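Peer 1:
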Amino acid sequence: MDEYASESLLAWFYPLIAAFSLVATVTFAVAWNHWKYVLDTCDPKLFCGCIFNARSTPTYFVGSHVAYCYWATVGPLLGAIVAVIFGSYHVFRVCMGKGRARTGTTTVKQRSGDVIVMTTRTELTDDSISPTGGSPAALPPAS
Numbered sequence: 000m001d002e003y004a005s006e007s008l009l010a011w012f013y014p015l016i017a018a019f020s021l022v023a024t025v026t027f028a029v030a031w032n033h034w035k036y037v038l039d040t041c042d043p044k045l046f047c048g049c050i051f052n053a054r055s056t057p058t059y060f061v062g063s064h065v066a067y068c069y070w071a072t073v074g075p076l077l078g079a080i081v082a083v084i085f086g087s088y089h090v091f092r093v094c095m096g097k098g099r100a101r102t103g104t105t106t107v108k109q110r111s112g113d114v115i116v117m118t119t120r121t122e123l124t125d126d127s128i129s130p131t132g133g134s135p136a137a138l139p140p141a142s
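Here it is, written out as structure tokens:
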């Protein structure tokens, strides 16, 4: 797989991860808010309105401490934030680097004394990556 294909996959996967993390957060928050008053039947100081680790007996059903539900609800947001940051980076590299013409001139002096001025013009193709974003410093250069 070449560099452009890898970047394209990452540009799709990171936003999907962020979206799924947000869906998980919203889904669990809705379920938790629906059941928290029904499950909170223990001592008022304990706040046991979470469905995780709930206890069931023949006469009652008591939820566990709400810290579990806070973590399950807010936890995926950390992954969503990281995915948005990395996704923005990879989407920028894939989308913003195509089609820009870059010119450069080089002067070459031959032994005969003639001076040749070479002008190059290149465009990024579909299988190249934007030169504005390089590899992270921790990775060795591709050979």
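Read in numbering that gives the first Met the number 0, the sequence shown has 50 at position 51, and its numbers run on one by one without any break.
Backbone N, C-alpha and C define an ideal beta-carbon position, used for all residues, glycine too.
The structure presented is a predicted model; accordingly, all values stated were derived computationally and were not measured.
Nearest-angstrom Cα distance between Arg54 and Val25?
Peer 2: If you number the sequence shown from 1, residue 54 lands on position 55. If you number the sequence shown from 1, residue 25 lands on position 26. Their Cα atoms are separated by approximately 25 Å.
Peer 1: Helix, strand or coil for Cys68, going by three-state DSSP, please let me know.
Peer 2: Residue 68 sits at position 69 when you count from the first residue of the sequence shown. Cys68 falls in the helix class under three-state DSSP.
Peer 1: In whole angstroms, what separates the C-alpha of Glu6 from that of Tyr88?
Peer 2: Counted from its first residue, the sequence shown places residue 6 at position 7. Counted from its first residue, the sequence shown places residue 88 at position 89. Their backbone Cα atoms lie some 10 Å apart in a straight line.
Peer 1: In the DSSP assignment, the alpha helix (DSSP H) including Phe46 goes from what residue to what residue?
Peer 2: Locating residue 46 in the sequence shown gives position 47, counting from the first residue. No alpha helix (DSSP H) contains Phe46, which DSSP labels as neither H nor E.
Peer 1: Alpha carbon to alpha carbon, what distance is there between Lys108 and Gly98?
Peer 2: Counting from one through the sequence shown, the residue named residue 98 turns up at place 99. Counting from one through the sequence shown, the residue named residue 108 turns up at place 109. Its pLDDT being 48, under 50, Gly98 is placed unreliably in this model, and the value from its coordinates should be taken loosely. Approximately 32 Å between the Cα atoms of the pair.
Peer 1: According to DSSP, what are the bridge partners of Asn108?
Peer 2: Your numbering for residue 108 matches position 109 in the sequence shown. The sequence shown places Lys at residue 108, rather than the Asn named in the question. Answer is Val114.
Peer 1: Alpha carbon to alpha carbon, how far is Cys41 from Met95? Give it in angstroms, no decimals.
Peer 2: Residue mapping note: residue 95 aligns to position 96 of the sequence shown, counting from 1. Residue mapping note: residue 41 aligns to position 42 of the sequence shown, counting from 1. Their Cα atoms are separated by approximately 56 Å.
Peer 1: By DSSP, does Thr56 sit in helix, in strand, or in coil?
Peer 2: Taking the first residue of the sequence shown as position 1, residue 56 is located at position 57. In the three-state DSSP reduction, Thr56 falls in the coil class, being neither helix nor strand.
Peer 1: Could you spell out where the alpha helix (DSSP H) holding Thr26 opens and where it closes?
Peer 2: Walking along the sequence shown from the start, residue 26 turns up at place 27. Here the alpha helix (DSSP H) through Thr26 covers 2–38.
Peer 1: Which residue from Phe27, Leu77, Tyr36, Tyr3 puts its Cα closest to that of Tyr67?
Peer 2: Numbered from its first residue, the sequence shown carries residue 67 at position 68. Minimum Cα distance to Tyr67 is reached at Phe27.
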